[in-house]
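Residues in the sequence shown are numbered from 6 upward in steps of one, following the working numbering. Below you'll find the structure, written out as structure tokens, and then a few comments.
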Amino acid sequence: MRELQIIYQNQEKIIKRLNTGDVDAIELSVEQITDEFMIYGLRSGLIDELSKTFPDPRKEEEISTKLILSASIAGHFQDMYALSQSPYALHSPTLLAELGLNVKVLSEGEGVSRRGTKQNAPFNGDVIRKMLNSIKPEDLINWYNKNVGRTYLRQSGYRPSFHILDCTDLEVNFDNENYEDSGIVKRKKKKNGKEEEEIKRGYKLGSLRSLLDDGGIITGIAYGAINVHDLELCKDLLMTSPMLKSGDTILFDRAFIDGLTISRLKRKRHVDVIIPLRSDMLSYEDSLVTAYHPESSNWENHPKRVGQEIKRIEHVQWMWEGCTVGLNGCVVRYLKEGKDGTKGRQDYEHMVFVSTNLSLTGKEILERYDLRSEIEEDHRQWKEGMWDMRVFTSTSLVQILYHVICVLLSYNLQQVYANTEKGERFSEKTLRQIRREQSRRHEVSMLVYSGDSFGLIGAKLLIGYLLRLPKEIQMRLYELFPSGVG
Numbered sequence: 006m007r008e009l010q011i012i013y014q015n016q017e018k019i020i021k022r023l024n025t026g027d028v029d030a031i032e033l034s035v036e037q038i039t040d041e042f043m044i045y046g047l048r049s050g051l052i053d054e055l056s057k058t059f060p061d062p063r064k065e066e067e068i069s070t071k072l073i074l075s076a077s078i079a080g081h082f083q084d085m086y087a088l089s090q091s092p093y094a095l096h097s098p099t100l101l102a103e104l105g106l107n108v109k110v111l112s113e114g115e116g117v118s119r120r121g122t123k124q125n126a127p128f129n130g131d132v133i134r135k136m137l138n139s140i141k142p143e144d145l146i147n148w149y150n151k152n153v154g155r156t157y158l159r160q161s162g163y164r165p166s167f168h169i170l171d172c173t174d175l176e177v178n179f180d181n182e183n184y185e186d187s188g189i190v191k192r193k194k195k196k197n198g199k200e201e202e203e204i205k206r207g208y209k210l211g212s213l214r215s216l217l218d219d220g221g222i223i224t225g226i227a228y229g230a231i232n233v234h235d236l237e238l239c240k241d242l243l244m245t246s247p248m249l250k251s252g253d254t255i256l257f258d259r260a261f262i263d264g265l266t267i268s269r270l271k272r273k274r275h276v277d278v279i280i281p282l283r284s285d286m287l288s289y290e291d292s293l294v295t296a297y298h299p300e301s302s303n304w305e306n307h308p309k310r311v312g313q314e315i316k317r318i319e320h321v322q323w324m325w326e327g328c329t330v331g332l333n334g335c336v337v338r339y340l341k342e343g344k345d346g347t348k349g350r351q352d353y354e355h356m357v358f359v360s361t362n363l364s365l366t367g368k369e370i371l372e373r374y375d376l377r378s379e380i381e382e383d384h385r386q387w388k389e390g391m392w393d394m395r396v397f398t399s400t401s402l403v404q405i406l407y408h409v410i411c412v413l414l415s416y417n418l419q420q421v422y423a424n425t426e427k428g429e430r431f432s433e434k435t436l437r438q439i440r441r442e443q444s445r446r447h448e449v450s451m452l453v454y455s456g457d458s459f460g461l462i463g464a465k466l467l468i469g470y471l472l473r474l475p476k477e478i479q480m481r482l483y484e485l486f487p488s489g490v491g
């Protein structure tokens, strides 16, 4: 077996060797626009910090945690999701050099492990699988909640005050019972005007998203079977997450309507909530009665939506059993189709939003809650498959969870970099758009190897340089290129 060959980048030396024809190999370099994100993550120390806190149980690290996480994150930028594929994401010489791996890995059997690899990659994907087999799923979740969110926020330089809690179903093949700790849920769904029952197998991910100026970072997670209720899944996250500080606000959807939880957040953590009420709640009906009382204030125009009117109301908690903190709200109304408002309340559709922040006006409640809808498209990137969160290549819970977390690590890296001056051009782009840009703007370079050195040269520049060399030198170098067409 060949020993690992360490080589160094030396452009000047390579040019001199080209002039004499003393070159060992010339190969195509594969550069990716997504390397820009990885280089940022490495040079900023972000990936180093993640690696140092990762719950790696190995006593001996032949392949470092930093290398494994780098490969896993890069893989999710490049459509490589299986554990066995991740090492192949480290094919850019620039990225390898940034990782301190000035290693000739483009030939089979020349990896960074002692036994090398048979693949055209720095290390074998089995390294990741074996490491995960010694990690408990709850250790991964605890690592994420205690360290990951804090690391990304520190790098971003933000202290977010607005957060969104959401839950996402991660459906798997219903007929495959081998998905570890998966659950089954039955739900009624309307299809073509008829109510049908659908049955799903899978998992549920709870995500705490902390908002930046543009987009946001997933700073906390909860994970369980798909049949677990959203609130039950996320209760512990809400009460323990270090990302929630006094004075912050969480924007909930109706799945988190629970007076006790809202009261505990306000009293124990001093965290405010904004949430829409369900139409079957006593507090909802009482809010409408208050809004239509003859002595109530006048209706105002909605700050953003034409044709809608709003009215601020107070003391909503009086008709909400279990809620022991003050609640003010905002009633929104708009005319039903074909109605003109002459019959009063019955001519309107209504929505009611409430907040534990009693200083907010009705407009402020709506404007803050609108942050949910403003980032929903961005949020959907990983929720609905842009990052292929639902593409599971194993039925092992720890491997599934690692895949989910790596999607979030990659997504967070994109979000943080897009909020920097250098990366702002990515701020309004999806991963799919970035990949398209990569294919359009792809610049081909060549790797030239000689002895213990290599050089990275643009393909057009190299071809022009070779054409100006003496004929005898060209013939020596000609042997390094494939001959014939087809």
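A virtual CB, placed ideally from N, CA and C, is assigned to each residue, including glycine.
Query - Supposed close pair G252, A227 - CB separation, criterion 8 Å - result: Here residue 252 corresponds to residue number 247 of the sequence shown, with the count starting at 1. Here residue 227 corresponds to residue number 222 of the sequence shown, with the count starting at 1. Your pair G252 and A227 does not check out as a contact, with CB atoms roughly 23 Å apart and the cut at 8 Å.
Requested in this report: Please name the residue, chosen from A102, L265, P62, L287, that lies closest to P142 on a Cα-to-Cα basis.
Outcome: In the sequence shown, residue 142 corresponds to position 137, counting from 1. For the options A102, L265, P62, L287, the alpha carbon positioned closest to that of P142 is the one of P62.
Query raised in the report: On the three-state DSSP scale, how would you describe E113?
Result: The sequence position of residue 113 within the sequence shown is 108, counting from 1. Because E113 carries a pLDDT of 44, less than 50, the predicted location of this residue cannot be relied on, and the following value inherits that uncertainty. In the three-state scheme derived from DSSP, where H, G and I count as helix and E and B as strand, E113 is classed as coil.
Query raised in the report: So who's on the other strand from A102, going by DSSP bridges?
Result: For this step, residue 102 is matched to residue 97 along the sequence shown. BP columns for A102 are empty, so no partner.
Query raised in the report: Rounded to whole angstroms, how far is the Cβ of L55 from the Cβ of T156, which I believe are closer than 8 Å?
Result: For the purposes of this step, residue 55 is identified with residue 50 of the sequence shown, where counting begins at 1. For the purposes of this step, residue 156 is identified with residue 151 of the sequence shown, where counting begins at 1. Cβ atoms of L55 and T156 come within 8 Å of each other, at about 6 Å.
Query raised in the report: What number of angstroms, rounded off, separates the C-alpha of D285 from the C-alpha of F257?
Result: Within the sequence shown, residue 285 is the residue found at index 280, counting from 1. Within the sequence shown, residue 257 is the residue found at index 252, counting from 1. Taking the straight line from one Cα to the other gives about 18 Å.
Query raised in the report: Alpha carbon to alpha carbon, what distance is there between M451 and L467?
Result: Working through the sequence shown from its first residue, we reach residue 467 at position 462. Working through the sequence shown from its first residue, we reach residue 451 at position 446. Rounded to the nearest whole angstrom, the CA to CA distance from L467 to M451 is 8 Å.
Report task. Just grab the DSSP bridge partners of N306 for me. Result -> Along the sequence shown, read from residue 1 onward, the residue named residue 306 stands at position 301. Within the DSSP secondary-structure output, N306 pairs in a beta bridge with E314.
Report task. Measuring alpha carbon to alpha carbon, tell me which of N147, G220, G225, Y470 ends up nearest E429. Result -> For the purposes of this step, residue 429 is taken as the residue at position 424 of the sequence shown. Per the Cα distances, G220.
Query raised in the report: Nearest to I169 by CA position, among S378, G162, T361, is which residue?
Result: Along the sequence shown, one-based indexing puts residue 169 at 164. Considering only alpha carbons, the answer is S378.
Report task. From the DSSP output, in three-state form, read off K21 for me. Result -> On the sequence shown, residue 21 is found 16 positions in, with the first residue counted as 1. In the structure shown, K21 sits in a helix (DSSP, three-state: H, G or I).
Query - Neighbourhood of L88 by C-beta, 6 Å cutoff - its chain only, sequence neighbours within 5 removed - result: Locating residue 88 in the sequence shown gives position 83, counting from the first residue. Taking L88 as the centre and dropping the five residues before and after it, the same chain places the C-beta of G130, I133, R134 closer than 6 Å to its C-beta, in chain order.
Query raised in the report: Got a sec? Which residues, its chain only, sit under 6 Å from L47 by beta carbon, not counting five neighbours each side?
Result: Position 42 of the sequence shown holds residue 47. Counting only Cβ-Cβ distances below 6 Å, and skipping sequence neighbours, we find E103.
Query raised in the report: Is A423 buried or exposed, if buried means 16 or more other CB atoms sit within 10 Å of its CB?
Result: Working through the sequence shown from its first residue, we reach residue 423 at position 418. By the Cβ-count criterion, A423 is buried, with 16 or more other Cβ atoms from all chains shown falling within 10 Å of its own Cβ.
Query raised in the report: Whose C-alpha, out of K193, G207, D186, I52, is nearest the C-alpha of R395?
Result: Position 390 of the sequence shown holds residue 395. Closest by alpha carbon: G207.
Report task. Report all residues from its chain with a CB closer than 8 Å to the CB of E202; omit the five preceding and five following residues, and keep chain order. Result -> Translated into the one-based positions of the sequence shown, residue 202 becomes position 197. Sequence-distant Cβ neighbours of E202 in its own chain, meaning closer than 8 Å and more than five residues away, are K191, R192, K193, K194.
Query raised in the report: From T224 to K271, what distance separates their C-alpha atoms?
Result: Here residue 224 refers to the residue found at position 219 of the sequence shown. Here residue 271 refers to the residue found at position 266 of the sequence shown. Distance between the alpha carbons of T224 and K271 is about 20 Å.
**Report entry** Cα-Cα separation, L363 to G331
**Finding:** Counting from one through the sequence shown, the residue named residue 363 turns up at place 358. Counting from one through the sequence shown, the residue named residue 331 turns up at place 326. If you take the alpha carbons of L363 and G331, they lie about 7 Å apart.
Query - Sequence-distant residues of its chain with Cβ nearer than 7 Å to E326 (five each side left out) - result: Counting from one through the sequence shown, the residue named residue 326 turns up at place 321. So the list reads G264, once near-sequence residues are dropped.
Query raised in the report: So, using beta-carbon positions, are S187 and I146 closer together than 8 Å?
Result: One-based indexing of the sequence shown puts residue 187 at position 182. One-based indexing of the sequence shown puts residue 146 at position 141. No, Cβ-Cβ distance for S187 and I146 is not below 8 Å.
Query - Nearest to G460 (by Cα), restricted to the options I31, T25, N24 - result: Residue numbering aside, residue 460 sits at position 455 when the sequence shown is read from its first letter. By alpha-carbon distance to G460, the top candidate from I31, T25, N24 is I31.
Report task. Assign S505 to one of three DSSP states: helix, strand, or coil. Result -> Since the first residue shown for the chain is 6 and the last is 491, residue 505 is missing from the structure and cannot be characterised.
Report task. Just confirm the distance between the C-beta atoms of L474 and N24, as a whole number of angstroms; I'd bet it's less than 8 Å. Result -> Mapped onto the sequence shown, residue 474 falls at position 469. Mapped onto the sequence shown, residue 24 falls at position 19. Rounded, the Cβ-Cβ distance is 7 Å, consistent with contact.
**Report entry** Span of the beta strand (DSSP E) around F497
**Finding:** No statement about residue 497 is possible, as the shown extent of the chain runs from 6 to 491 and does not include it.
Query raised in the report: CB T398 to CB E185, shorter than 8 Å?
Result: On the sequence shown, position 393 is the one that residue 398 refers to. On the sequence shown, position 180 is the one that residue 185 refers to. Between T398 and E185, the C-beta gap is not smaller than 8 Å, which leaves the two residues out of contact.
Query raised in the report: So the beta strand (DSSP E) L332 belongs to, where does it begin and stop?
Result: Within the sequence shown, residue 332 is the residue found at index 327, counting from 1. Bounds of any beta strand (DSSP E) do not take in L332, whose DSSP letter is neither H nor E.
Query raised in the report: Smallest Cα separation from L175: which of I405, E305, V311?
Result: By 1-based counting over the sequence shown, the position of residue 175 is 170. Each of I405, E305, V311 was checked against the Cα of L175, and the nearest Cα belongs to I405.
**Report entry** For F167 and L418, believed in contact at Cβ under 8 Å, the rounded distance
**Finding:** Here residue 418 corresponds to residue number 413 of the sequence shown, with the count starting at 1. Here residue 167 corresponds to residue number 162 of the sequence shown, with the count starting at 1. In fact, because the Cβ distance is near 21 Å, the residues do not count as touching under 8 Å.
Query raised in the report: What did DSSP end up calling H81 once you bin it into helix, strand or coil?
Result: Locating residue 81 in the sequence shown gives position 76, counting from the first residue. It is helical.
Query - Own chain residues within Cβ distance below 8 Å of Q16, not counting five before or after - result: Sequence index remark: in the sequence shown, residue 16 carries index 11 (1-based). Leaving aside the five residues that flank Q16 on each side, the residues in its chain whose CB is nearer than 8 Å to its CB run, in chain order, G460, L461, I462.
Requested in this report: Would you decide whether P92 is buried or exposed? Buried here means 16 or more other CB atoms lie within 10 Å of its CB.
Outcome: Indexing the sequence shown from 1 puts residue 92 at position 87. Label assigned to P92: buried.
Requested in this report: Compute the distance between the beta-carbons of K151 and P247, then report whether it is under 8 Å.
Outcome: By 1-based counting over the sequence shown, the position of residue 151 is 146. By 1-based counting over the sequence shown, the position of residue 247 is 242. In this structure, P247 lies closer than 8 Å to K151 by Cβ.
Query - Where D218 sits in the DSSP three-state scheme - result: Within the sequence shown, the letter at position 213 stands for residue 218. Annotated three-state conformation of D218 is coil, per DSSP.
**Report entry** Spatial distance of V153 from Q322 (CA atoms)
**Finding:** In the sequence shown, residue 153 corresponds to position 148, counting from 1. In the sequence shown, residue 322 corresponds to position 317, counting from 1. Their backbone Cα atoms lie some 36 Å apart in a straight line.
Report task. Grab me the residues of S77's own chain with a C-beta within less than 6 Å of its C-beta, minus the 5 sequence neighbours each way, in chain order. Result -> Numbered from its first residue, the sequence shown carries residue 77 at position 72. Listed in chain order, the non-local C-beta contacts of S77 below 6 Å within the same chain comprise S91, C411, local neighbours out to five positions each way being set aside.
**Report entry** Sequence-distant residues of its chain with Cβ nearer than 8 Å to F486 (five each side left out)
**Finding:** Numbered from 1 along the sequence shown, position 481 holds the residue referred to as residue 486. Around F486: I31.
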